[in-house]
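Engineer: Encoded as structure tokens, here's the structure I'll be asking about.
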Ligand SMILES: Cc1cc2nc3c(=O)[nH]c(=O)nc-3n(C[C@H](O)[C@H](O)[C@H](O)COP(=O)(O)OP(=O)(O)OC[C@H]3O[C@@H](n4cnc5c(N)ncnc54)[C@H](O)[C@@H]3O)c2cc1C
């Protein structure tokens with residue numbers, strides 16, 4: 187019986203699960219197939235907030251040290267709720283102040299770092315290659331057929347291969363999820379997230395800001411050097427207008443939201459817009475088949491948690507497979523894979539619901555909701571234990587975390 191694993195999707199989560207399995211079970215052959223050319227992710231100009239728990243896992247896997255020089259700690263997080271043209275945005279909620287303990291997690295580590303996506307993919311690929319994982323680009327997993335002892339995978343090129351397990355890390359519109367007959371709960375937000383990078387005169391001192399504006403959250407996230415990554419949510423028609431606008435108009439709109447706290451600024455990267463929605467898979471596994479990352483759950487970027495959830499999946503699936511393999515069990519058996527599903531489904535549904543409610547509660551200008559938000563944020567801001575709970579959540583601390591998220595090897 188084959189004990190090979192084939193992974194469809196060489197994005198951040200597909201690469202991470204490959205490394206996490208191979209680091210503890212080097213005898214399992216792993217092939218990772220990605221539809222896009224190798225250069226595609228090297229051009230991803232986005233940056234992601236990487237929670238402390240994910241950073242601990244990346245450290246354990248020999249990846250984090252390679253990212254450190256490009257990773258900007260988030261020392262402080264400020265939340266405001268205002269209208270787009272308000273001259274001053276009253277601060278309702280702060281998590282820590284630059285240089286003080288508040289923005290730090292228990293043990294003194296920042297609760298998150300901002301890491302450029304292209305640095306992340308470079309470090310993950312390097313580690314995957316060191317461990318002997320086969321990376322194939324410009325190839326797709328087109329289909330699969332499962333029998334009792336194995337699954338036969340057919341590639342877009344027409345080749346076939348046999349494996350004990352197919353892991354689908356093929357993103358939010360996963361075609362393999364549909365082929366496996368797994369249904370989803372979906373909600374389109376009629377919003378887009380515009381992403382770009384700004385450079386500015388003054389230092390941000392590691393301060394992240396999230397302004398809840400009627401069109402959607404406007405998040406500014408600190409990068410190394412005097413640079414900031416923007417995730418700017420607007421209704422789809424407004425976002426399309428902004429994307430089509432000339433540089434002058436775009437910067438003018440930006441100015442009403444970003445202001446001049448950090449002195450003069452300029453747009454220092456391309457603009458890109460992503461349609462936003464909620465997609466939750468009803469099941470995560472089938473015999474010899476497991477969903478992971480955005481293929482299992484696509485959520486609103488309002489809390490910067492999408493990739494962190496995917497990294498948690500990677501840690502839980504890797505632990506499930508490695509421990510089953512050590513016991514001599516069949517790693518593709520659905521009874522083995524159900525442990526992974528039980529581990530991850532509740533957490534992902536919970537985060538999907540929280541981001542959905544936050545987005546609907548904040549992305550509007552309805553008077554009574556505005557009053558409710560003001561009271562709610564004020565209460566949280568005055569309760570240190572509640573704030574610490576939010577910080578711990580954002581840092582990825584949780585009961586029953588997989589070993590890797592605690593920085594321990596499987
Ligand atoms: C605007 C925005 C900001 C965000 N900010 C954050 C943040 O700050 N922090 C955070 O944690 N998350 C953030 N996220 C979420 C994060 O980007 C995603 O959760 C993450 O990229 C998902 O990674 P993935 O590997 O699961 O999927 P993807 O990155 O979508 O990768 C899927 C891969 O599968 C390949 N593929 C598709 N079909 C096939 C096939 N049939 N065969 C082979 N290959 C295939 C594709 O080529 C692709 O490389 C943000 C998202 C958005 C839209």
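Residue numbers (our numbering): 187 to 596. Just so you know, even glycine gets a beta-carbon here, dropped at the ideal spot from N, CA and C.
Apart from the five residues just before and just after residue 470, which ones in its own chain have a Cβ nearer than 7 angstroms to its Cβ?
Structural biologist: Excluding sequence neighbours, residue 470 sits near 476, 477, 482, 526, 527, 530, 531.
Engineer: For a quick check, are the C-beta atoms of residue 300 and residue 440 less than 8 angstroms apart?
Structural biologist: Not a contact, by the Cβ cut-off of 8 angstroms.
Engineer: Can you tell me which residues form a DSSP beta bridge with residue 385?
Structural biologist: Residue 385 pairs with 413, 452.
Engineer: Reducing DSSP to helix, strand and coil, say where residue 485 ends up.
Structural biologist: Looking at residue 485 - three-state DSSP - the assignment turns out to be coil, as it is neither helix nor strand.
Engineer: With distances taken between CB atoms, is the gap from residue 365 to residue 593 smaller than 8 angstroms?
Structural biologist: Against a cut-off of 8 angstroms, the Cβ pair of residue 593 and residue 365 comes out as no contact.
Engineer: In this structure, does DSSP put residue 535 in helix, strand or coil?
Structural biologist: Residue 535 falls in the helix class under three-state DSSP.
Engineer: Mapping the DSSP letters down to three states, classify residue 327 as helix, strand or coil.
Structural biologist: Three-state result, residue 327: strand.
Engineer: Would residue 342 and residue 388 be called neighbours here (beta carbons separated by less than 8 angstroms)?
Structural biologist: Cβ atoms of residue 342 and residue 388: not closer than 8 angstroms.
Engineer: May I ask you to check if the CB of residue 494 is nearer than 7 angstroms to at least one heavy atom of ligand 1?
Structural biologist: Because some heavy atom of ligand 1 lies under 7 angstroms away, the Cβ of residue 494 counts as near it: yes.
Engineer: Less than 7 angstroms separating the Cβ of residue 256 from some heavy atom of ligand 1?
Structural biologist: No, the beta carbon of residue 256 sits no closer than 7 angstroms to any heavy atom of ligand 1.
Engineer: For ligand 1, is there any heavy atom lying closer than 7 angstroms to the beta carbon of residue 198?
Structural biologist: Yes, Cβ of residue 198 sits closer than 7 angstroms to a heavy atom of ligand 1.
Engineer: To the nearest whole angstrom, what separates the beta carbons of residue 297 and residue 489, a pair I think is in contact under 8 angstroms?
Structural biologist: The pair is not a contact, with the Cβ atoms about 12 angstroms apart (cut-off 8 angstroms).
Engineer: For residue 428, which residues of its own chain have a beta-carbon under 7 angstroms away from its beta-carbon, when the five flanking residues on both sides are left out?
Structural biologist: Same-chain partners within the cutoff: 380, 420, 436, 439.
Engineer: Does ligand 1 have a heavy atom nearer than 7 angstroms to the CB of residue 264?
Structural biologist: False, no ligand heavy atom lies under 7 angstroms from that Cβ.
Engineer: Which first and last residues belong to the alpha helix (DSSP H) in which residue 239 is found?
Structural biologist: Taken as a continuous stretch (DSSP letters only), the alpha helix (DSSP H) holding residue 239 covers 238 to 246.
Engineer: Could you check whether the Cβ of residue 404 sits closer than 7 angstroms to any heavy atom belonging to ligand 1?
Structural biologist: No - ligand 1 has no heavy atom lying nearer than 7 angstroms to the Cβ of residue 404.
Engineer: Hey, residue 465 and residue 484: beta-carbon distance below 8 angstroms or not?
Structural biologist: Yes, the Cβ-Cβ distance between residue 465 and residue 484 is below 8 angstroms.
Engineer: Kindly list the residues whose CB is nearer than 8 angstroms to the CB of residue 508, restricted to its own chain and excluding five residues on each side of it in sequence; keep chain order.
Structural biologist: Result list for residue 508: 207, 210, 211, 596, in chain order.
Engineer: From this set, 432, 539, 236, which residue's C-alpha is nearest residue 497's C-alpha?
Structural biologist: Ranking 432, 539, 236 by Cα distance to residue 497 puts 236 first.
Engineer: Could you tell me the distance, in whole angstroms, from the CA atom of residue 203 to the CA atom of residue 434?
Structural biologist: Going from the Cα of residue 203 to the Cα of residue 434 covers about 43 angstroms.
Engineer: List the DSSP bridge partners of residue 543.
Structural biologist: Bridge partners of residue 543: none, in fact.
Engineer: Flag this pair as yes or no: are the beta carbons of residue 345 and residue 385 separated by less than 8 angstroms?
Structural biologist: For residue 345 and residue 385, no; Cβs fall outside 8 angstroms.
Engineer: As a quick exercise: from 216, 325, 415, 357, pick the residue whose alpha carbon is nearest that of residue 451.
Structural biologist: The shortest C-alpha separation from residue 451 is found at 415.
Engineer: Rounded to whole angstroms, how far is the Cβ of residue 239 from the Cβ of residue 219, which I believe are closer than 8 angstroms?
Structural biologist: Rounded, the Cβ-Cβ distance is 28 angstroms, inconsistent with contact.
Engineer: Would you mind sorting residue 425 into buried or exposed? The rule is 16 or more other CB atoms within 10 Å of its CB.
Structural biologist: Burial call: buried.
Engineer: Can residue 225 be considered in contact with ligand 1, in the sense that its beta carbon sits closer than 7 angstroms to one or more heavy atoms?
Structural biologist: Every heavy atom of ligand 1 is 7 angstroms or more from the Cβ of residue 225, so no.
Engineer: Confirm, please, whether the CB-CB distance from residue 214 to residue 327 is below 8 angstroms.
Structural biologist: No, Cβ-Cβ distance for residue 327 and residue 214 is not below 8 angstroms.
Engineer: Using a Cβ-based criterion (distance less than 7 angstroms to any ligand heavy atom), does residue 540 qualify as near ligand 1?
Structural biologist: It does not: the Cβ of residue 540 is nowhere closer than 7 angstroms to a heavy atom of ligand 1.
Engineer: Measuring CA to CA, which of 340, 510, 495 is closest to residue 537?
Structural biologist: Answer by Cα proximity: 495.
Engineer: DSSP three-state call for residue 220: helix, strand or coil?
Structural biologist: If DSSP states are grouped into helix, strand and coil, residue 220 belongs with the strands.
Engineer: Please indicate yes or no: does the CB of residue 491 lie closer than 7 angstroms to some heavy atom of ligand 1?
Structural biologist: Yes, the Cβ of residue 491 comes within 7 angstroms of a heavy atom of ligand 1.
Engineer: Going by C-alpha distance, which of 266, 230, 347, 391 is nearest residue 302?
Structural biologist: When only C-alpha atoms are compared, the closest one is 230.
Engineer: Given residue 535, which residues of its chain have a CB within under 7 angstroms of its CB, disregarding the five upstream and five downstream residues?
Structural biologist: Contacts found: 466.
Engineer: Thinking just about the alpha-carbon of each residue, which of 304, 417, 349, 491 is nearest to the one in residue 330?
Structural biologist: Closest by alpha carbon: 349.
Engineer: So does residue 487 have its beta carbon nearer than 7 angstroms to some heavy atom of ligand 1?
Structural biologist: For ligand 1, at least one heavy atom lies less than 7 angstroms from the Cβ of residue 487.
Engineer: If we ignore side chains and look at the alpha-carbon of each, how far apart do residue 555 and residue 549 end up?
Structural biologist: Roughly 10 angstroms separates the two Cα atoms.
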